[in-house]
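S.K.: Going left to right, the sequence shown walks through residues 1 to 172 as the numbering used here numbers them. Even glycine gets a Cβ: it sits at the ideal position worked out from N, Cα and C. Remember, it's a predicted structure, so these values are computed and weren't measured experimentally. Can you keep this structure in mind? I'll have questions shortly.
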Amino acid sequence: MFTQHNTLALTTLISAFALAGCQSTQTTTLSPLLTNAKQHIGWISGECFAIKNAQLEAGDTVHVVNVTNNQRQAVNILSTNATPCQKLASQQTAVSGQQMHTYYQVDRVNAADPVIALLGNPKTLANYHYQSCTLSNGTFFYITAPQGQQLWSDSFYSGEKTLPTCSSDLFR
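Below is the structure:
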């Protein structure tokens, strides 16, 4: 038989379990930017957004980060029809040997070209380091955590010969 003391203890115990469950859920939920970076981070050249994600729609917002001065800008996907990006897509595929990205037409970016672009809340990666270096034929982009681990990387091939500045450590 339950007494008033037992009922109070049982109610307190149930409340504690419910509260613990809520706290656990809140602390283990990670942003898609961290758990699936390749589908949430890409790069923009001109009016073309290249990303390894074929599920985006016109009107989606993309957050641009200029690696030179860390300025940020929001732009919109104008079209999922990549016709304006065909030349860029062909150029990237010719160098890599395969179609690695989906291309979207976006608003023109007010930054040096090319730039890193994010889907989702850019504040999630506020303390991360956005960097780039040159390859012999393009630009290598990467994002590192404050502790130094690489979260994401990708390459933009310009087709122009450039002096490489990337350290071989980046490709391990």
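Considering just the uninterrupted stretch of the beta strand (DSSP E) at L118, what are its terminal residues?
M.R.: V115 to L118 is the span of the beta strand (DSSP E), which, as asked, contains L118.
S.K.: If I'm right that F143 touches L151 with Cβ under 8 Å, what's the distance once you round it to whole angstroms?
M.R.: It should be noted that the sequence gives Ile, not Phe, for residue 143. 5 Å between Cβ atoms; contact.
S.K.: Where does the unbroken beta strand (DSSP E) through A111 begin, and where does it stop?
M.R.: No beta strand (DSSP E) contains A111, which DSSP labels as neither H nor E.
S.K.: Look up T61 in the DSSP assignment and say whether it is helix, strand or coil.
M.R.: Strand, per DSSP.
S.K.: Using 8 Å as the cut-off, can you tell me whether the stretch 102 to 115 makes contact with the stretch 42 to 60, which would need three or more C-beta pairs spanning the two stretches below that distance?
M.R.: Touching, yes.
S.K.: From L56 to N127, what does the alpha carbon distance come to, in whole angstroms?
M.R.: The alpha-carbon atoms of L56 and N127 are separated by roughly 26 Å.
S.K.: Within a Cβ cutoff of 6 Å, which residues of the same chain sit near V65, ignoring the five residues on either side of it in sequence?
M.R.: So the qualifying residues of the chain are R72, I116 and Y130.
S.K.: Go to T102, then tell me how far its beta strand (DSSP E) extends in each direction, as first and last residue.
M.R.: Taken as a continuous stretch (DSSP letters only), the beta strand (DSSP E) holding T102 covers T102 to V106.
S.K.: Rounded to whole angstroms, what's the CA-CA distance from L163 to C133? Just pull it up for me.
M.R.: Their Cα atoms are separated by approximately 10 Å.
S.K.: According to DSSP, which residues form a beta bridge with Q73?
M.R.: Answer by DSSP bridge pairing, in chain order: V64.
S.K.: Does DSSP classify S167 as helix, strand or coil?
M.R.: Three-state result, S167: coil.
S.K.: With DSSP as the reference, label A50 as helix, strand or coil.
M.R.: Strand.
S.K.: Determine the direct distance from the alpha carbon of A37 to that of S77, and round the result to whole angstroms.
M.R.: A small correction: the amino acid at residue 77 is Ile; Ser does not occupy that position in the sequence shown. Distance between the alpha carbons of I77 and A37 is about 19 Å.
S.K.: Taking the continuous beta strand (DSSP E) assigned at Q131, which residues delimit it?
M.R.: Start and end: H129 to L135.
S.K.: Quick check: A58 and T80, are their CB atoms within less than 9 Å of each other?
M.R.: Cβ atoms of A58 and T80: closer than 9 Å.
S.K.: If I follow the unbroken alpha helix (DSSP H) through T93, where does it start and stop?
M.R.: Segment Q86 to S96, the alpha helix (DSSP H) holding T93.
S.K.: Whole-angstrom Cβ separation of K52 and H101, contact assumed at under 8 Å?
M.R.: Correct: roughly 6 Å between the Cβ atoms.
S.K.: With a threshold of 6 Å on Cβ separation, who are the neighbours of D113 within its own chain once the five nearest residues in sequence on each side are excluded?
M.R.: Cβ within range, chain order: S45.
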